[in-house]
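J.: This structure is in C-alpha cells; I'll ask about it shortly.
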Amino acid sequence: MTTNRDLQRTAARVLADLLATPGLPEVNWSLYAPGGFTRCYTPPNLATDLLAGQADSHQAVREWAARLGTSVELRHGTTPDARAIVDGIVVKVWCAPEFRDDVNASEE
Numbered sequence: 003m004t005t006n007r008d009l010q011r012t013a014a015r016v017l018a019d020l021l022a023t024p025g026l027p028e029v030n031w032s033l034y035a036p037g038g039f040t041r042c043y044t045p046p047n048l049a050t051d052l053l054a055g056q057a058d059s060h061q062a063v064r065e066w067a068a069r070l071g072t073s074v075e076l077r078h079g080t081t082p083d084a085r086a087i088v089d090g091i092v093v094k095v096w097c098a099p100e101f102r103d104d105v106n107a108s109e110e
C-alpha cells in the first residue's frame, strides 16, 4: 500500500530531478499533500496532479512539456496545461489564460 509519506517523498524527488534540468524557465511549484486520500493518486491519473507548476508564459509551458515528453492542451478551452506521469507522480505545468500567445488579437 502506498502511504502519504511515500507519495510526498517520491514527488519531492521528482521535483528535485526536474529542477536540476538546466535551461528551463522558472515556475512556481506546489506539492499537494494527499492526506488520507492516497487512493486518489494511486494508480496515477492525469486528472489528479500531485505536483503542479505555474508558469508565467505559454512558451514556458511548452518548454516544460517538451522536458516532460508531453504536449500542451487547453484545459477548459483556455488554460495552457501540460501533464505527464513521472515515476508514478502526476506533474502539471500550466499558465493563466491571459498569458496565452496563440490567440489572435481579434479573438481577445
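Its first residue numbered 3, the sequence shown is counted upward by one per residue in my numbering. Ideal Cβ placement from N, Cα and C applies to all residues, glycine included. Keep in mind that this is a model prediction, so the values were computed, not measured.
With DSSP as the reference, label M3 as helix, strand or coil.
T.: Position 1 of the sequence shown, counting from 1, holds the residue named residue 3. M3 falls in the coil class under three-state DSSP.
J.: Looking at P36 and L9, is the spacing between their C-beta atoms short of 7 Å?
T.: Here residue 9 refers to the residue found at position 7 when the sequence shown is read from its first residue. Here residue 36 refers to the residue found at position 34 when the sequence shown is read from its first residue. It is a contact, given that the beta carbons lie within the stated cut-off.
J.: Quick check: T44 and T4, are their CB atoms within less than 7 Å of each other?
T.: Position 42 of the sequence shown, counting from 1, holds the residue named residue 44. Position 2 of the sequence shown, counting from 1, holds the residue named residue 4. Closer than 7 Å, so yes.
J.: Can you give the beta carbon distance from T72 to R64, rounded, assuming they're within the 8 Å contact cut?
T.: Taking the first residue of the sequence shown as 1, we reach residue 72 at position 70. Taking the first residue of the sequence shown as 1, we reach residue 64 at position 62. Contact doesn't hold; Cβ gap of about 10 Å is too wide.
J.: Suppose the cutoff is 8 Å on Cβ atoms and the five residues either side in sequence are ignored; what does the same chain contact list for K94 look like?
T.: Here residue 94 refers to the residue found at position 92 of the sequence shown. Cβ within range, chain order: D51, L53, A54, G55, D83, A84, R85.
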